[in-house]
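Notes follow once the structure below has been shown.
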Ligand SMILES: Cc1cc2nc3c(=O)[nH]c(=O)nc-3n(C[C@H](O)[C@H](O)[C@H](O)COP(=O)(O)OP(=O)(O)OC[C@H]3O[C@@H](n4cnc5c(N)ncnc54)[C@H](O)[C@@H]3O)c2cc1C
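Residue numbers (the numbering used here): 184 to 481.
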């Protein structure tokens with residue numbers, strides 16, 4: 184793998200939609216299963232910690248960065264093919280691209296995925312969803328690589344423990360390689376019409392022109408996060424360059440130079456205020472990784 188695919192001291196701010204995060208000791212972008220296996224074998228043989236990432240759209244990387252190797256599964260593993268009513272795609276393909284391909288193939292069921300900026304692997308890991316749809320509804324089979332044994336395994340949907348923003352892969356260290364989606368025959372025009380509606384809704388209601396990691400918190404049963412934060416008086420509240428979005432209070436945006444520390448402090452302020460006022464605990468949806476900066480400066 185050439186220097187453009189193995190980078191040292193790579194700022195994670197360049198690889199996350201939040202544009203926040205200190206450097207990874209090493210960031211590797213494998214394009215093939217062989218390269219992925221070599222990277223994992225190296226890490227395991229040398230006792231080097233590693234982290235798998237997709238497109239970095241649900242990650243908050245702390246300011247001290249990530250020790251060890253970050254394996255970014257985006258540029259490879261992105262082939263999409265149709266097998267009957269199944270759409271089979273590498274885990275590194277962007278969900279929006281897979282949704283677009285489903286429309287081209289006159290396959291319905293993935294319209295909601297059009298505005299989600301992550302990869303298909305990240306979407307399975309998170310059981311991503313929007314507008315009443317979620318991965319659980321469409322996944323037929325997932326193929327993974329087990330890093331310790333180097334073996335691939337295929338999982339049926341029922342084995343994945345998919346529930347609200349959760350999957351079994353949050354508890355295992357399997358690497359998602361490929362996903363087969365079971366979709367329904369549909370009309371491209373209708374599918375694209377629905378996608379257009381969803382896109383317009385997102386553009387109107389979400390701060391898409393600021394860096395963010397999407398919704399920061401999971402929806403607590405019986406409540407909506409945005410209104411809770413708004414009623415707590417925190418819409419627009421700022422901690423340094425981290426700010427509760429004025430458009431959608433469930434998003435925290437980076438107004439330019441926000442640090443992970445500022446975002447984490449803001450999350451705590453929101454959690455304390457909402458819990459104190461309404462007795463509702465807001466659990467984070469975004470995944471926080473890496474180390475704090477040693478000098479404590481941010
Ligand atoms: C503007 C915006 C809007 C969003 N809207 C939505 C929405 O409507 N609905 C929704 O559910 N989410 C939404 N998100 C959040 C995010 O896009 C999803 O959670 C997405 O599924 C994350 O995918 P990713 O590839 O970016 O994963 P990353 O953020 O890179 O990683 C997330 C987790 O998945 C793991 N992971 C990623 N790929 C693999 C793999 N191949 N194998 C094993 N583990 C893997 C990582 O280790 C990490 O723990 C939004 C984000 C933004 C910025």
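Idealized CB from N, CA, C, for every residue including glycine. Keep in mind that this is a model prediction, so the values were computed, not measured.
- Look at residue 184 here: in three-state DSSP terms it is coil, with no helix or strand label.
- In the three-state scheme derived from DSSP, where H, G and I count as helix and E and B as strand, residue 368 is classed as strand.
- Between residue 435 and residue 245, the alpha-carbon positions lie close to 15 angstroms from each other.
- Using a C-beta cut-off of 8 angstroms, the stretch 257-275 makes no contact with the stretch 347-357, since fewer than three inter-stretch Cβ pairs fall below that distance.
- Shown here for residue 247: same chain residues with a beta carbon closer than 7 angstroms to its own, the five before and five after excluded, namely 205, 473, 474, 475, 476, 477 in chain order.
- In the structure shown, residue 211 falls within a strand segment according to DSSP collapsed to helix, strand and coil.
- Counting along the chain, no alpha helix (DSSP H) covers residue 404, and no H or E run does either.
- For residue 461, the enclosing alpha helix (DSSP H) stretches over residues 443-461.
- Burial state of residue 239 is buried, judged by a 10 Å Cβ sphere holding 16 or more other Cβ atoms.
- By alpha-carbon distance to residue 334, the top candidate from 255, 356, 291 is 356.
- Distance from the Cα of residue 195 is smallest, within the candidate group 227, 353, 250, for 250.
- Closest by C-alpha distance to residue 292, out of 276, 305, 322, is 322.
- Boundaries around residue 286 are those of the alpha helix (DSSP H), 278-287, since no beta strand (DSSP E) includes it.
- For residue 227, the enclosing alpha helix (DSSP H) covers residues 216-229.
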